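S.K.:
Protein chains: 2
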Amino acid sequence: MNDYAIGVDLGGTNLRAAAVTRDGKMLKKLSGATPVSAGRKAVIADIVRSIQTLRAELSDRKLVGVGVGIPGYILMEKGIVSGAPNLPDFVNYPVRDEIEKGIRSKVILENDANAAALGEQWLGAGRGVDDLVMLALGTGIGGGIILGGKVLRGYLGMAGEIGHITVVPNGYPCGCGNNGCAEKYASATAVSAMARLLNLGHDLTAQQVYQLALQGDARAQQIFETVGVALGTVLADLINIFNAPLFLLGGGLTGAWKLFEPSMTRELTRRSFAYRNKKLRPQIKRAKLGSDAGLYGAAHLPFQAN
Amino acid sequence: MNDYAIGVDLGGTNLRAAAVTRDGKMLKKLSGATPVSAGRKAVIADIVRSIQTLRAELSDRKLVGVGVGIPGYILMEKGIVSGAPNLPDFVNYPVRDEIEKGIRSKVILENDANAAALGEQWLGAGRGVDDLVMLALGTGIGGGIILGGKVLRGYLGMAGEIGHITVVPNGYPCGCGNNGCAEKYASATAVSAMARLLNLGHDLTAQQVYQLALQGDARAQQIFETVGVALGTVLADLINIFNAPLFLLGGGLTGAWKLFEPSMTRELTRRSFAYRNKKLRPQIKRAKLGSDAGLYGAAHLPFQAN
Chain V
158 MNDYAIGVDL
168 GGTNLRAAAV
178 TRDGKMLKKL
188 SGATPVSAGR
198 KAVIADIVRS
208 IQTLRAELSD
218 RKLVGVGVGI
228 PGYILMEKGI
238 VSGAPNLPDF
248 VNYPVRDEIE
258 KGIRSKVILE
268 NDANAAALGE
278 QWLGAGRGVD
288 DLVMLALGTG
298 IGGGIILGGK
308 VLRGYLGMAG
318 EIGHITVVPN
328 GYPCGCGNNG
338 CAEKYASATA
348 VSAMARLLNL
358 GHDLTAQQVY
368 QLALQGDARA
378 QQIFETVGVA
388 LGTVLADLIN
398 IFNAPLFLLG
408 GGLTGAWKLF
418 EPSMTRELTR
428 RSFAYRNKKL
438 RPQIKRAKLG
448 SDAGLYGAAH
458 LPFQAN
Chain X
158 MNDYAIGVDL
168 GGTNLRAAAV
178 TRDGKMLKKL
188 SGATPVSAGR
198 KAVIADIVRS
208 IQTLRAELSD
218 RKLVGVGVGI
228 PGYILMEKGI
238 VSGAPNLPDF
248 VNYPVRDEIE
258 KGIRSKVILE
268 NDANAAALGE
278 QWLGAGRGVD
288 DLVMLALGTG
298 IGGGIILGGK
308 VLRGYLGMAG
318 EIGHITVVPN
328 GYPCGCGNNG
338 CAEKYASATA
348 VSAMARLLNL
358 GHDLTAQQVY
368 QLALQGDARA
378 QQIFETVGVA
388 LGTVLADLIN
398 IFNAPLFLLG
408 GGLTGAWKLF
418 EPSMTRELTR
428 RSFAYRNKKL
438 RPQIKRAKLG
448 SDAGLYGAAH
458 LPFQAN
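Protein sequence lines, in the order shown, are assigned to chains V and X. Quick note on the working numbering: the first sequence kicks off at 158 and runs consecutively. Quick note on the working numbering: the second sequence kicks off at 158 and runs consecutively.
(1) Relative to the C-alpha of Val264 of chain V, which residue among V:Ile204, V:Ala273 and V:Lys307 is closest?
(2) On a CA-only basis, which of X:Thr296, X:Gly295 and X:Met315 is nearest Ile302 of chain X? Give me that one, please.
(3) With a 10 Å radius around its C-beta and 16 neighbouring C-beta atoms as the bar for buried, classify Asp269 of chain V as buried or exposed.
(4) For a contact meaning CB atoms closer than 9 Å, what does Pro402 of chain V contact in chain C?
(5) Please state the DSSP three-state secondary structure of Ala175 of chain V.
(6) Using a beta-carbon distance below 8 Å, is Val325 of chain X in contact with chain V?
(7) Looking at the secondary structure, which residues open and close the alpha helix (DSSP H) in which Lys435 of chain X lies?
(8) Against chain V, with Cβ distances strictly below 8 Å, would Ile126 of chain X count as a contact?
(9) From the DSSP secondary-structure annotation, give me the bridge partner or partners of Met468 of chain V.
(10) Going by Cα to Cα distance, which pick from X:Gly285, X:Gly317, X:Gly189 and X:Leu167 is closest to Met291 of chain X?
(11) Spatial neighbours of Gln440 of chain X within its chain, please: CB distance less than 8 Å, with the 5 preceding and 5 following residues excluded, ordered by chain position.
(12) In chain order, what residues of the segment 379-392 of chain V put their CB closer than 8 Å to some CB of chain X?
(13) Determine the burial state of Pro459 of chain X: buried for a count of at least 16 other Cβ atoms within 10 Å of its Cβ, exposed for fewer.
(14) Can you find at least 3 beta carbon pairs, one from the segment 439-458 of chain V and one from the segment 422-435 of chain X, that sit closer than 8 Å?
(15) By how many angstroms is the C-alpha of Ala345 of chain X removed from the C-alpha of Gly447 of chain X?
(16) Check the C-beta distance from Ala339 of chain V over to Ser349 of chain V and give it rounded, since I have them as a contact under 8 Å.
(17) How about Gly226 of chain X: is its C-beta nearer than 8 Å to some C-beta of chain V?
(18) Which stretch, first to last residue, makes up the alpha helix (DSSP H) that contains Gly169 of chain X?
(19) Is the segment 278-290 of chain X in contact with the segment 224-238 of chain X, if contact means three or more CB pairs nearer than 8 Å?
(20) Closer than 7 Å to a non-hydrogen atom of the ligand PLP - does that hold for the CB of Tyr312 of chain V?
(21) Assuming Leu395 of chain V is part of the beta strand (DSSP E), what are its boundary residues?
(22) Quick one: grab the DSSP three-state call for Ile260 of chain X.
(23) Between X:Glu257, X:Gly332, X:Cys333 and X:Leu355, which has its C-alpha nearest Ile380 of chain X's C-alpha?
(24) Nearest CA to the CA of Asp374 of chain V: which residue from V:Gly328, V:Gly196, V:Ala352 and V:Leu388?
(25) Is there contact between the segment 387-402 of chain X and the segment 305-314 of chain V, where contact requires at least three CB pairs shorter than 8 Å?
(26) Should Lys435 of chain X be labelled buried (16 or more other beta-carbon atoms within 10 Å of its own) or exposed?
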């Protein structure tokens with residue numbers, strides 16, 4: 158069919174949009190800075206403009222609809238964002254309706270981590286698998302749960318908060334109020350914080366810690382060992398809960414896969430009897446689509462609805 | 158309609174069967190000892206006999222089908238049990254087909270904890286709620302996850318193993334190979350073990366420890382405090398993962414609700430930001446149907462399929 162959908166990834170830093178065909182071919186992609194400081198109206202106007210630009214260039218095709226990934230909790234029926242730490246201006250604002258007004262096409266909002274998981278399931282490392290759980294290791298840990306090919310959203314759009322699973326009951330404090338959340342041990346932010354705790358350096362990025370580990374620095378290696386232990390603990394919990402055939406890890410920190418994989422696998426082997434058994438073992442794989450996962454996933458939503 | 162289904166609860170100790178109408182009325186219930194030592198053929202014959210007895214007494218009604226709750230992992234498509242610690246004789250045996258042969262009606266197998274969760278969702282504390290997670294606090298902790306009114310089974314029937322979520326990373330060893338599983342802290346078995354660790358008594362049942370706590374014994378109270386902390390930790394994880402509106406606790410240990418509820422709620426409040434917020438807070442409730450939950454849930458399966 159000669160139709161397409163538009164996926165939008167509304168990040169706190171970048172605003173991206175892409176036109177994707179029903180069989181998953183990306184026709185065109187736009188990207189720019191998100192004008193957060195100019196306020197939500199300016200951001201919505203930018204989204205509308207991006208959609209119109211794509212539409213004008215693809216006027217020989219039919220637009221099925223638009224999916225918008227947002228770093229926040231989405232109330233699907235109302236089309237509003239009920240919480241968004243990085244886009245506070247968008248909370249309780251009729252985001253869906255405001256975009257729809259500008260483009261006269263159907264819009265579906267989705268949490269950005271959910272959209273990324275859906276994108277990987279549709280076209281990436283989860284292709285052909287109906288049930289998977291994805292962890293995106295970035296500033297925090299985003300989670301997306303796909304069951305039967307559909308996003309598990311929860312009754313207030315807050316499902317999949319995997320980064321806040323407790324891995325160390327009295328561990329590092331987390332902004333959510335808990336102590337010992339997974340994302341305090343296995344995110345890029347956590348790697349930087351641990352580098353500071355180990356006096357490796359004051360403001361090292363996860364990438365710099367990774368380089369030090371590659372160069373043989375034992376403390377830097379210890380940090381990635383800790384990342385792996387936390388991931389193994391969380392994944393063992395998720396295996397016990399979901400018995401899904403596939404778990405995906407995405408996000409920048411997965412560039413350090415070789416460094417955290419041994420302790421992750423060791424911990425998984427220790428904690429999950431299903432993982433220890435080759436017949437029962439789910440696959441733990443790296444996501445494939447990088448930052449495009451969310452764009453693909455957002456674009457997939459209108460196709461799922463139509 | 159004048160039809161009914163039969164729910165069977167095949168336990169390691171008791172074998173029970175009940176006829177239930179489409180609108181949830183239990184017409185008749187049978188119960189007896191499970192002849193485990195006589196072997197699986199004798200057990201299957203007993204199940205078939207129970208079904209035939211119920212059927213003979215309800216010959217004026219139409220049997221829709223039979224659901225059988227089993228303490229094991231079920232491969233739904235094959236109708237076999239892939240693992241069952243308390244019924245090892247049943248593993249890799251064509252349980253469904255053998256029962257079907259005897260009764261000439263459709264049989265659906267289900268994990269017993271899943272069946273109990275489904276029963277509570279259909280007719281108990283979860284009535285009217287589509288999504289819930291239930292924990293059955295007994296010898297271990299059984300878990301059942303209901304999403305959209307249906308059991309989440311996982312690809313090998315092993316979903317919902319909530320008792321093996323890690324709550325204390327280097328805690329008590331568990332038979333599953335892990336350390337610090339929830340069921341080592343919040344099951345009847347755990348209560349007895351902790352009573353021994355505190356020199357309260359060598360072979361106290363959870364019920365006896367409960368009585369001591371009611372009489373003011375500080376160590377017994379400390380045990381139920383520990384139970385509550387573990388439950389609060391697990392529930393906070395599950396709230397973050399599922400964002401379900403309802404979480405149910407069932408099983409004998411919930412008789413001690415008053416003793417563990419304060420520390421459970423305190424831990425939930427500490428660990429779950431959704432729970433702290435009255436608008437976002439899910440309900441945590443006691444299950445209602447007791448040991449009949451599994452019978453009702455098993456009987457619901459044929460209705461769901463037809």
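The C-beta atom is built at its ideal place from N, Cα and C for all residues, glycine as well. The model shown is predicted, which means the values in this text are computed figures rather than measured ones.
M.R.: According to the structure data:
(1) Taking the first residue of the first sequence as 1, we reach residue 264 of chain V at position 107. Considering only alpha carbons, the answer is V:Ile204.
(2) Indexing the second sequence from 1 puts residue 302 of chain X at position 145. The option with the nearest alpha carbon to Ile302 of chain X is X:Met315.
(3) For the purposes of this step, residue 269 of chain V is taken as residue 112 along the first sequence, with counting starting at 1. The residue in question, Asp269 of chain V, is buried, as its Cβ has 16 or more Cβ neighbours within 10 Å.
(4) Judged by its chain identifiers, the structure shown contains no chain C, and its protein chains are V and X.
(5) Indexing the first sequence from 1 puts residue 175 of chain V at position 18. Residue state, collapsed to three classes: strand.
(6) Locating residue 325 of chain X in the second sequence gives position 168, where the first residue counts as 1. Taking Cβ atoms only, chain V reaches closer than 8 Å to Val325 of chain X, which makes this a yes.
(7) Locating residue 435 of chain X in the second sequence gives position 278, counting from the first residue. Where Lys435 of chain X is concerned, there is no enclosing alpha helix (DSSP H), given that its DSSP letter is neither H nor E.
(8) Beyond the ends of chain X as shown, which are 158 and 463, falls residue 126 of chain X; an answer cannot be given.
(9) The structure shown does not extend to residue 468 of chain V, since chain V spans only 158 to 463, so no value can be given for it.
(10) Position 134 of the second sequence, counting from 1, holds the residue named residue 291 of chain X. Out of X:Gly285, X:Gly317, X:Gly189 and X:Leu167, X:Gly317 has the C-alpha closest to the C-alpha of Met291 of chain X.
(11) Indexing the second sequence from 1 puts residue 440 of chain X at position 283. Excluding positions up to five away in sequence, the list reads Pro402, Leu403 and Phe404.
(12) Thr390
(13) Here the question's residue 459 of chain X lines up with position 302 in the second sequence. Flag for Pro459 of chain X reads buried.
(14) no
(15) Residue 447 of chain X sits at position 290 when you count from the first residue of the second sequence. Residue 345 of chain X sits at position 188 when you count from the first residue of the second sequence. When rounded, the distance between both Cα atoms is 15 Å.
(16) Numbered from 1 along the first sequence, position 182 holds the residue referred to as residue 339 of chain V. Numbered from 1 along the first sequence, position 192 holds the residue referred to as residue 349 of chain V. That pair is no contact at about 16 Å.
(17) Taking the first residue of the second sequence as position 1, residue 226 of chain X is located at position 69. Closer than 8 Å: no.
(18) For the purposes of this step, residue 169 of chain X is taken as residue 12 along the second sequence, with counting starting at 1. Segment: none, Gly169 of chain X is in no alpha helix (DSSP H) and carries neither H nor E.
(19) no
(20) Ligands are entirely absent from the displayed structure, and the ligand PLP is therefore not among its contents.
(21) To locate residue 395 of chain V, count along the first sequence from 1; it is residue 238. No beta strand (DSSP E) contains Leu395 of chain V, which is instead part of the alpha helix (DSSP H) from Ala375 to Phe399.
(22) The count along the second sequence starts at 1 and reaches residue 260 of chain X at position 103. Three-state DSSP puts Ile260 of chain X in a helix.
(23) Taking the first residue of the second sequence as 1, we reach residue 380 of chain X at position 223. The shortest C-alpha separation from Ile380 of chain X is found at X:Leu355.
(24) Taking the first residue of the first sequence as position 1, residue 374 of chain V is located at position 217. When each option's Cα is compared against that of Asp374 of chain V, the closest is V:Ala352.
(25) yes
(26) Start at 1 with the first residue of the second sequence, and residue 435 of chain X comes out as number 278. Result: exposed.
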